[in-house]
Amino acid sequence: MAATLINEVRFGRHGVFELKPKQVKLYNFYYTFYINYLIHIFVWFNLALAIFEKPAVSGYELPYWATMIMEFVCIFVFALCLFHRWYIAPDGCFWNDKKNVILTFTITITFLDMLLYSIFMENGLESIVRRWSRILRPAFLINLQARQIRRAFRNIRRTIFGILNVLVLLLLAIGLFALLATKLFENRNLKDIDGNPYFQNYLESYYQLYILTTTANNPDIGISAYDSNNWFALFFVVFLVICMYIFLSILLAVVYTNYKNNLKDEIRCSVYQKRRHLKEAFDLICEELNECKVLKFDTWKSLLEVLCPKYSPGKISLLWNVLDRENNNYISKHLFSYIFL
114 MAATLINEVR FGRHGVFELK PKQVKLYNFY YTFYINYLIH IFVWFNLALA
164 IFEKPAVSGY ELPYWATMIM EFVCIFVFAL CLFHRWYIAP DGCFWNDKKN
214 VILTFTITIT FLDMLLYSIF MENGLESIVR RWSRILRPAF LINLQARQIR
264 RAFRNIRRTI FGILNVLVLL LLAIGLFALL ATKLFENRNL KDIDGNPYFQ
314 NYLESYYQLY ILTTTANNPD IGISAYDSNN WFALFFVVFL VICMYIFLSI
364 LLAVVYTNYK NNLKDEIRCS VYQKRRHLKE AFDLICEELN ECKVLKFDTW
414 KSLLEVLCPK YSPGKISLLW NVLDRENNNY ISKHLFSYIF L
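If you count by the working numbering, then the sequence shown holds residues 114 to 454, one letter each, in order.
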């Protein structure tokens with residue numbers, strides 16, 4: 114059990130499992146190389162089913178029942194993974210994890226969609242039935258394997274609330290310029306380079322100026338107005354200076370600052386959880402000496418043989434000597450934590 118907690122720290126995992134022999138054994142089985150590799154295969158195979166399902170890539174379409182069987186096998190494997198998490202989790206912890214809630218919802222919705230699709234297809238209603246649960250398939254990748262993607266999503270979600278005020282200010286500024294553009298150009302019968310009406314209503318003006326903040330339609334958007342009157346170029350110059358160079362720069366700075374702070378908080382929480390795991394591991398294998406908890410060399414050696422079976426006895430002794438510089442034949446919790454953090 115101590116080795117499992119230390120591996121959580123070494124590999125940056127944050128699994129939720131009960132500290133009992135059976136649950137720990139099942140947890141370690143889940144994270145073996147072959148099981149992880151197998152889950153990866155099913156996740157990517159589930160995503161690749163879009164190649165064979167109608168509308169499929171030309172020449173690769175399979176009968177609907179064939180892809181249904183393949184998807185059912187994938188969903189069954191994902192359900193087993195979810196059941197495994199539920200079985201090893203402490204009481205009350207399973208539903209507190211959002212990953213498990215999302216997986217349960219996605220599996221349920223996908224199964225209902227598969228069932229309804231099969232019923233419609235068997236009753237000859239192929240023309241009106243659609244597989245609408247396909248858009249949920251990336252949720253399996255994110256919630257089963259992609260830990261770094263989840264971390265990025267968490268940081269983005271926390272960052273959004275910190276930039277709303279600047280974002281609203283930018284959108285209001287674009288709205289003001291869109292109103293000015295509509296009043297300036299709507300009655301001049303101008304055409305853009307494709308011959309389409311030019312700033313004829315407020316929504317179209319807003320959309321074009323919003324795109325202009327990305328410079329995707331620059332300078333095309335201003336050519337027609339400039340041809341009509343050279344002074345109209347001043348409008349677009351002022352807009353670019355205020356909305357793109359000033360407001361977007363402020364928005365970028367706020368996004369960077371908030372994301373950096375949220376990332377620091379994420380790392381701080383991760384380090385705290387690692388220290389908690391190491392404390393639990395140390396408490397499981399420590400011994401009492403003069404009313405202090407210490408770890409002796411024999412226990413250290415047994416632990417390293419489980420954690421790093423390829424380590425030679427000489428390397429294990431060398432690591433011990435680095436920690437136990439005073440030759441006390443034991444180390445404290447602080448020194449124990451130092452080598453794994």
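We put the CB at the ideal spot given by N, CA and C, even for glycine.
Query raised in the report: Apart from the five residues on each side of it in sequence, which residues of its chain come closer than 7 Å, Cβ to Cβ, to N375?
Result: Sequence-distant Cβ neighbours of N375 in its own chain, meaning closer than 7 Å and more than five residues away, are N268, R271, T272.
Report task. Using a threshold of 7 Å, state whether the C-beta atoms of F191 and L283 are closer than that. Result -> Not a contact, by the Cβ cut-off of 7 Å.
Query raised in the report: Should the stretch 120 to 136 be called in touch with the stretch 194 to 203, which here means at least 3 C-beta pairs below 8 Å?
Result: Touching, yes.
**Report entry** Identity of the residue in W344, F352, R123 nearest L289 by Cα
**Finding:** Closest by alpha carbon: F352.
Query raised in the report: What residue does the alpha helix (DSSP H) around K392 start on, and which one ends it?
Result: Looking at the DSSP string, the run of the alpha helix (DSSP H) that includes K392 is 361 to 398.
Query raised in the report: Looking at the unbroken beta strand (DSSP E) that takes in K79, where does it start and where does it end?
Result: An answer regarding residue 79 cannot be provided, because it is not within the stretch 114 to 454 covered by the chain.
Query raised in the report: First and last residue of the alpha helix (DSSP H) that includes R270?
Result: Taken as a continuous stretch (DSSP letters only), the alpha helix (DSSP H) holding R270 covers 260 to 298.
Query raised in the report: What residue range is occupied by the uninterrupted alpha helix (DSSP H) comprising Y339?
Result: Here the alpha helix (DSSP H) through Y339 covers 333 to 341.
Query raised in the report: Fully enclosed by the stretch 152 to 226, which beta strand (DSSP E) runs are 3 residues long or longer?
Result: If one requires a minimum length of 3 residues, no beta strand (DSSP E) run lies completely within the stretch 152 to 226.
Query raised in the report: Is it the case that the Cβ atoms of I262 and V368 are separated by a distance below 7 Å?
Result: Contact flag unset, no.
**Report entry** Inter-stretch contact (C-beta, 8 Å, three-pair minimum) for the stretch 247 to 258 and the stretch 145 to 161
**Finding:** Using a C-beta cut-off of 8 Å, the stretch 247 to 258 makes contact with the stretch 145 to 161, since at least three inter-stretch Cβ pairs fall below that distance.
Report task. Give the secondary structure of K138 by DSSP, where H, G and I count as helix, E and B as strand, and everything else as coil. Result -> In the three-state reduction of the DSSP assignment, K138 falls in the helix class, which pools H, G and I.
Query raised in the report: A115: which of L347, L420, L448 sits nearest, CA to CA?
Result: Checking every option, the nearest Cα to that of A115 belongs to L420.
Query raised in the report: Does the distance from the C-beta atom of L249 to that of T295 stay below 7 Å?
Result: No; because the gap between Cβ atoms is not below 7 Å, this pair is not in contact.
Query raised in the report: Nearest CA to the CA of Y265: which residue from T412, I287, K373?
Result: In the sequence as displayed, the identity of residue 265 is Ala instead of Tyr. Taking only the C-alpha atoms, the option nearest A265 is K373.
Query raised in the report: Buried or exposed: N314, going by 16 or more other Cβ atoms within 10 Å of its Cβ?
Result: So N314 counts as exposed.
Query raised in the report: Under the three-state reduction of DSSP, which class applies to L303: helix, strand or coil?
Result: Here L303 sits in coil by DSSP.
Query raised in the report: Which same chain residues, not among the five before or five after F142, have their C-beta less than 7 Å away from its C-beta?
Result: The residues I148, in chain order, have a CB closer than 7 Å to that of F142 in the same chain once the five nearest residues on each side in sequence are set aside.
Query - Residue burial classification, S362 (beta-carbon count within 10 angstroms, cutoff 16) - result: Counting Cβ neighbours within 10 Å, S362 comes out exposed, since fewer than 16 surround it.
Query raised in the report: Going by the beta-carbon positions, is the gap between W433 and F410 smaller than 7 Å?
Result: Going by C-beta atoms, W433 is nearer than 7 Å to F410.
**Report entry** Alpha carbon of K414 to alpha carbon of T223, nearest angstrom
**Finding:** Straight through space, the alpha carbons of T223 and K414 are spaced by roughly 49 Å.
Report task. Tell me whether I182 is buried or exposed, calling it buried when 16 or more other Cβ atoms sit within 10 Å of its Cβ. Result -> With fewer than 16 other Cβ atoms within 10 Å, it is exposed.
Report task. Kindly indicate which three-state DSSP category L132 falls into: helix, strand or coil? Result -> For L132, the secondary structure class from DSSP, reduced to helix, strand or coil, is coil.
Requested in this report: Return the chain-ordered list of same chain residues with a C-beta closer than 8 Å to the C-beta of L436, the five sequence neighbours on each side being excluded.
Outcome: Annotation for L436: I444, L448, F449, Y451, I452 place their beta carbon closer than 8 Å to its own, counting only its chain and skipping 5 residues before and after.
Query raised in the report: For the stretch 292 to 307 against the stretch 396 to 410, are there 3 or more C-beta pairs whose distance is under 8 Å?
Result: The stretch 292 to 307 makes no contact with the stretch 396 to 410: fewer than 3 CB pairs, one atom from each, lie closer than 8 Å.
Query raised in the report: What is the rounded straight-line gap between the Cα of W178 and the Cα of L193?
Result: In this model, W178 and L193 are separated by some 22 Å (Cα to Cα).
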